[in-house]
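Enquirer: Numbering-wise (UniProt numbering), the sequence shown opens with residue 1 and increments by one.
The structure follows.
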Amino acid sequence: MSQKIAILGASGYTGAELVRLIATHPSMEIAALSGNSKAGMSMAEVFPHLRHLDLPRLTTIEEVSFEGIDLVFCALPHATSQSVIRELPRDVKVVDLSADFRLRDLQAYKTWYGKDHSAPDLQSEAVYGLTEFYRDEIAGARLVAGTGCNAATGQYALRPLIEAGVIDLDRIVIDLKAAVSGAGRSLKENLLHAELSEGAHGYAVGGVHRHLGEFDQEFSAIAGREVKVQFTPHLLPANRGILATIYVDGEAEAIHRALSERYAEEEFVLVLPQGEHPSIRHIRGSNYCHIGVVADRIPGRAIVIAALDNLTKGSSGQAMQNANLMLGLEEGAGLRLAPVFP
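See the structure below:
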């Protein structure tokens with residue numbers, strides 16, 4: 001029997017990516033699609049690459065009937081999900097792709113997002129959605145908070161190293177490059193082709209990027225003490241992909257061993273042979289994360305590089321992986337599409 005799925009915010013990039021993935025899922029059926037700014041339109045009009053699919057027309061959220069819906073993907077802007085999810089029926093499972101439920105501490109949420117949380121009761125039940133590390137909790141959850149795509153990339157590279165105690169926790173530098181789709185589909189002057197192409201630039205420089213809240217929360221919990229990393233993201237003139245180059249103090253062999261052992265049984269996180277490093281070309285359109293380790297020329301230092309597709313493993317693919325667990329389905333169902341190359 002198919003699981004009935006609703007996608008709220010289906011007219012954005014992550015919504016379209018969810019539709020693309022669910023189209024090949026053996027046990028999911030899209031029953032409702034909302035996109036307030038595109039209400040009344042067909043998905044073929046909004047996303048012509050999906051015209052071959054038989055999909056419901058886009059409606060407003062208020063017009064969606066949740067009767068018979070098993071799970072809702074909420075792909076709405078930050079600060080919008082809180083009020084929407086609060087009104088959903090309690091028997092409907094929810095995977096939220098926004099930042100609204102990622103931070104457990106309500107004061108931390110206010111610090112990073114500049115406002116009080118409007119659904120603190122829901123925050124207390126939300127499970128952090130980094131699948132490979134919260135699998136059991138996700139399987140029993142009603143509400144799962146998808147991670148930030150940058151935060152996921154850094155955590156896949158660093159969590160096993162913090163757990164294994166093979167790096168200096170006070171000397172971690174994350175230099176990250178992110179493709180433009182991570183900024184969403186709404187019109188922004190700095191994302192115009194003439195403003196963005198043929199260049200790259202840092203943003204949120206100096207420790208003000210909101211995904212630092214997730215790094216602080218997760219790394220400190222693992223270490224049992226405060227861990228603060230240096231993190232600078234850069235915007236690439238590319239459509240998809242994140243590449244994080246991470247500088248750490250530690251022996252490359254021990255670092256590679258810790259990553260290899262932690263991910264030995266994980267289908268979607270692949271550790272490359274030592275000395276090799278990944279490219280966003282090799283994970284495009286897939287739910288895979290590639291991690292490489294290279295020894296630095298300076299003894300006792302190493303470079304860890306992680307690559308994933310921000311729309312798939314960093315967002316919608318992760319969301320589906322979590323939904324599979326929440327619905328009691330096979331975790332990798334609908335997610336084994338090979339990367340697109342070239």
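We put the beta carbon where it would ideally sit given N, CA and C, even for glycine.
Remember, predicted model here, so these are calculated numbers, not experimental data.
Taking Glu267 as the reference, which of Val95, Leu337, Val208 and Lys4 has the closest Cα?
Expert: Your numbering for residue 267 matches position 267 in the sequence shown. When only C-alpha atoms are compared, the closest one is Leu337.
Enquirer: Tell me which residue opens and which closes the beta strand (DSSP E) that Ala338 is part of.
Expert: On the sequence shown, position 338 is the one that residue 338 refers to. Note, Ala338: premise wrong, no beta strand (DSSP E); not H, not E.
Enquirer: Enumerate, from N- to C-terminal direction, the unbroken alpha helix (DSSP H) stretches of 4 or more residues contained entirely within the region 63–107.
Expert: Counting whole runs of 4 or more residues, the region 63–107 contains the alpha helix (DSSP H) stretches 81–86.
Enquirer: Would you kindly work out how many angstroms separate the C-alpha atoms of Ser220 and Val227, rounded to a whole number?
Expert: Counted from its first residue, the sequence shown places residue 220 at position 220. Counted from its first residue, the sequence shown places residue 227 at position 227. So the two alpha carbons sit approximately 5 Å from each other.
Enquirer: Looking at C-alpha atoms only, which residue of His234, Glu253, Glu330 and Glu251 is the closest neighbour of Ala244?
Expert: As a first step, residue 244 must be located in the sequence shown, where it is residue number 244. That would be His234, whose Cα lies nearest to the Cα of Ala244.
Enquirer: Can you find at least 3 beta carbon pairs, one from the region 46–57 and one from the region 18–27, that sit closer than 8 Å?
Expert: Because the criterion of three Cβ pairs below 8 Å is met, the region 46–57 and the region 18–27 touch.
Enquirer: Check for me: the alpha helix (DSSP H) holding Pro160 runs from which residue to which?
Expert: By 1-based counting over the sequence shown, the position of residue 160 is 160. Pro160 -> alpha helix (DSSP H) spans Cys149 to Ala164.
Enquirer: What's the call for His290, buried or exposed, on a 16-neighbour Cβ count within 10 Å?
Expert: The sequence position of residue 290 within the sequence shown is 290, counting from 1. That one is buried.
Enquirer: Could you give the distance in angstroms between the alpha-carbon of Val72 and the alpha-carbon of Pro26?
Expert: Here residue 72 is taken as the residue at index 72 of the sequence shown, counted from 1. Here residue 26 is taken as the residue at index 26 of the sequence shown, counted from 1. Going from the Cα of Val72 to the Cα of Pro26 covers about 17 Å.
Enquirer: Note down the Cα distance separating Ala264 from Glu132, rounded to an integer number of angstroms.
Expert: Residue mapping note: residue 264 aligns to position 264 of the sequence shown, counting from 1. Residue mapping note: residue 132 aligns to position 132 of the sequence shown, counting from 1. About 12 Å.
Enquirer: Quick one: what does DSSP say His52 is sitting in, helix, strand or coil?
Expert: Numbered from its first residue, the sequence shown carries residue 52 at position 52. Correct three-state label for His52: coil.
Enquirer: Go through the region 178–240 residue by residue and report every complete run of the alpha helix (DSSP H) that reaches 4 residues or more, in order.
Expert: Listed in chain order, the complete alpha helix (DSSP H) runs (minimum 4 residues) inside the region 178–240 are 193–196 and 212–223.
Enquirer: Please say whether Ser118 and Gln82 have beta carbons closer to each other than 8 Å?
Expert: Mapped onto the sequence shown, residue 82 falls at position 82. Mapped onto the sequence shown, residue 118 falls at position 118. Yes, the Cβ-Cβ distance between Gln82 and Ser118 is below 8 Å.
Enquirer: Tell me which same chain residues have a C-beta within less than 7 Å of the C-beta of Phe215, skipping the five on either side of it?
Expert: Position 215 of the sequence shown, counted from the first residue, corresponds to residue 215. The answer, listed in chain order, is Ala151, Gly154, Val229 and Phe231.
Enquirer: Please confirm if the region 246–258 is in contact with the region 178–190, defined as three or more CB-CB distances below 8 Å between the two stretches.
Expert: No contact exists between the region 246–258 and the region 178–190.
Enquirer: Classify Leu187: buried if its beta carbon has 16 or more other beta carbons within 10 angstroms, exposed otherwise.
Expert: Walking along the sequence shown from the start, residue 187 turns up at place 187. Burial call: exposed.
Enquirer: Excluding the five sequence neighbours on either side, which residues of its own chain have a C-beta within less than 8 Å of the C-beta of Leu58, listed in chain order?
Expert: In the sequence shown, residue 58 corresponds to position 58, counting from 1. Contacts found: Ala10, Ser11, Leu33, Ser34, Gly35, Lys38, Ala39, Gly40, Met41, Ser42, Met43 and Val46.
Enquirer: For the beta strand (DSSP E) that contains Gln3, what are its first and last residues?
Expert: Residue 3 sits at position 3 when you count from the first residue of the sequence shown. Run containing Gln3: Gln3 to Leu8, per the beta strand (DSSP E) assignment.
Enquirer: Between which two residues does the beta strand (DSSP E) containing Ser34 stretch?
Expert: Taking the first residue of the sequence shown as 1, we reach residue 34 at position 34. Where Ser34 is concerned, the enclosing beta strand (DSSP E) stretches over Met28 to Ser34.
Enquirer: Give the range of the beta strand (DSSP E) segment to which Ile246 is assigned.
Expert: Within the sequence shown, residue 246 is the residue found at index 246, counting from 1. Where Ile246 is concerned, the enclosing beta strand (DSSP E) stretches over Ile242 to Asp249.
Enquirer: For the alpha helix (DSSP H) containing Ala252, name the first residue and the last one.
Expert: Working through the sequence shown from its first residue, we reach residue 252 at position 252. Counting along the chain, the alpha helix (DSSP H) containing Ala252 begins and ends at Ala252 to Arg262.
Enquirer: If I follow the unbroken alpha helix (DSSP H) through Gly317, where does it start and stop?
Expert: Within the sequence shown, numbered from 1, the residue matching residue 317 stands at position 317. That run of the alpha helix (DSSP H) goes Gly317 to Met326.
Enquirer: If we call anything under 8 Å between Cβ atoms a contact, is Gly334 one with Thr80?
Expert: Indexing the sequence shown from 1 puts residue 334 at position 334. Indexing the sequence shown from 1 puts residue 80 at position 80. No. Outside cutoff.
Enquirer: Please state the DSSP three-state secondary structure of His282.
Expert: To locate residue 282, count along the sequence shown from 1; it is residue 282. Looking at His282 - three-state DSSP - the assignment turns out to be helix.
Enquirer: Would you call His209 buried or exposed, if buried means 16 or more other Cβ atoms sit within 10 Å of its Cβ?
Expert: Position 209 of the sequence shown, counting from 1, holds the residue named residue 209. The residue is buried, with at least 16 neighbouring Cβ atoms inside 10 Å.
Enquirer: Determine whether the beta carbon atoms of Ala75 and Ile172 lie at a separation below 8 Å.
Expert: Position 75 of the sequence shown holds residue 75. Position 172 of the sequence shown holds residue 172. Against a cut-off of 8 Å, the Cβ pair of Ile172 and Ala75 comes out as no contact.
Enquirer: Can you check DSSP and say which residues form a bridge with Val46?
Expert: Here residue 46 corresponds to residue number 46 of the sequence shown, with the count starting at 1. In DSSP, Val46 forms no bridge with anything.
Enquirer: Under the rule that 16 or more other beta-carbon atoms within 10 Å means buried, what is Glu218, buried or exposed?
Expert: Locating residue 218 in the sequence shown gives position 218, counting from the first residue. It is buried - the Cβ of Glu218 has at least 16 other Cβ atoms within 10 Å.
Enquirer: What separation, rounded to the nearest whole angstrom, lies between the Cα atoms of Leu311 and His282?
Expert: For the purposes of this step, residue 311 is identified with residue 311 of the sequence shown, where counting begins at 1. For the purposes of this step, residue 282 is identified with residue 282 of the sequence shown, where counting begins at 1. For Leu311 and His282, the distance between alpha carbons rounds to 14 Å.
Enquirer: List the DSSP bridge partners of Ile303.
Expert: Position 303 of the sequence shown, counted from the first residue, corresponds to residue 303. BP columns for Ile303 point to Tyr247 and Val294.
Enquirer: Quick one, which of Asp54, Arg90, Leu55 and Glu63 has its alpha-carbon nearest Asp70's?
Expert: For this step, residue 70 is matched to residue 70 along the sequence shown. Checking every option, the nearest Cα to that of Asp70 belongs to Arg90.
Enquirer: Tell me whether Ala16 sits in a helix, a strand or coil according to DSSP, three-state version.
Expert: Translated into positions along the sequence shown, residue 16 becomes position 16. Ala16 falls in the helix class under three-state DSSP.
Enquirer: Could you check what DSSP says for Tyr288 in three-state terms: helix, strand or coil?
Expert: To locate residue 288, count along the sequence shown from 1; it is residue 288. Reduced to three states, the DSSP call for Tyr288 is coil.
Enquirer: With H, G and I counted as helix, E and B as strand and the rest as coil, what does DSSP make of Leu176?
Expert: Locating residue 176 in the sequence shown gives position 176, where the first residue counts as 1. Residue state, collapsed to three classes: strand.
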